[in-house]
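Undergrad:
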Amino acid sequence: MRYLPDDTYALVEQSVPIACVDFVPRRWDFTGAQPEQQLGLIRRTSPFGEVWCHLGGRIGRGESIREALLRHAADTLAVKLQLPDDPQPAYVYQWFPPDDQPADAAILRFGDDPRKHAIGLSFLVEMSGEPVARNEALEFAWFPAEELPEPLWPGARTLIHELLWHHHD
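Everything in the sequence shown is counted per my numbering, starting at -5 for the first residue and increasing by one.
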């Protein structure tokens, strides 16, 4: 993957939307009376302080969506994802800075990101391996889908709800 100098990338972030992959690991716990869907989140520092959130990041030039998902999973949790050859997002979620929202913001579902306008190709994923929090991840934990932790990155709850609603097994 090619990287831009920090000042050039800052100009890009201020000028155009950034294509990203967003993903939430999912597993099923069968130890109780009923199967329980659990979602994996990371705790990280953010412009909002320490928050829990999904995983992901930008797609690099010349990098496929699959490669970006695998790279972010390896970099953040040291795991592999179980993906098809050409994964397709379950949902496309947008992130906007508070001072640069679209005219139709009142009718959109979107997240807050003071750093950039991002278009997140969003996935529920299965992992193989035991997650080890590293790089941006201060911690990784599994949560029942109905009991997400606080504080969450603003907009992450909506993204997770939409992923669960739109995901097709």
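All C-beta atoms, glycine included, are put in the ideal place defined by N, C-alpha and C. In this text the structure is predicted, and so the values were computed from the model without any measurement.
When you compare the CB positions of residue 38 and residue 31, do they come within less than 8 Å of one another, or not?
TA: For residue 38 and residue 31, no; Cβs fall outside 8 Å.
Undergrad: Return helix, strand or coil for residue 10, following the three-state DSSP convention.
TA: Looking at residue 10 - three-state DSSP - the assignment turns out to be coil, as it is neither helix nor strand.
Undergrad: Of the choices 132, 68, 94, 59, whose alpha-carbon is the least far from that of residue 79?
TA: Measuring from the Cα of residue 79, the nearest candidate turns out to be 59.
Undergrad: Are the CB atoms of residue 66 and residue 51 nearer to each other than 8 Å?
TA: Yes.
Undergrad: What are the boundary residues of the alpha helix (DSSP H) that residue 59 is part of?
TA: Per DSSP, residue 59 belongs to the alpha helix (DSSP H) from 59 to 71.
Undergrad: Can you list, in chain order, the residues of its chain with a C-beta nearer than 8 Å to that of residue 132? Leave out the 5 residues immediately preceding and following it.
TA: So the list reads 36, 37, 38, 39, 44, once near-sequence residues are dropped.
Undergrad: Going by DSSP, what residues sit across from residue 39 in a beta bridge?
TA: Note: residue 39 sits in a beta bridge opposite 44.
Undergrad: With a threshold of 6 Å on Cβ separation, who are the neighbours of residue 91 within its own chain once the five nearest residues in sequence on each side are excluded?
TA: So the list reads 108, once near-sequence residues are dropped.
Undergrad: Using DSSP with H/G/I as helix, E/B as strand and the rest coil, what is residue 166?
TA: In the structure displayed, the chain extends from -5 to 163; residue 166 sits before or after that span and is not available.
Undergrad: Can you tell me the Cα-Cα spacing of residue 9 and residue -2, whole angstroms?
TA: Those two C-alpha atoms are separated by around 14 Å.
Undergrad: Between the beta-carbon of residue 88 and the beta-carbon of residue 71, is there less than 8 Å?
TA: No. Outside cutoff.
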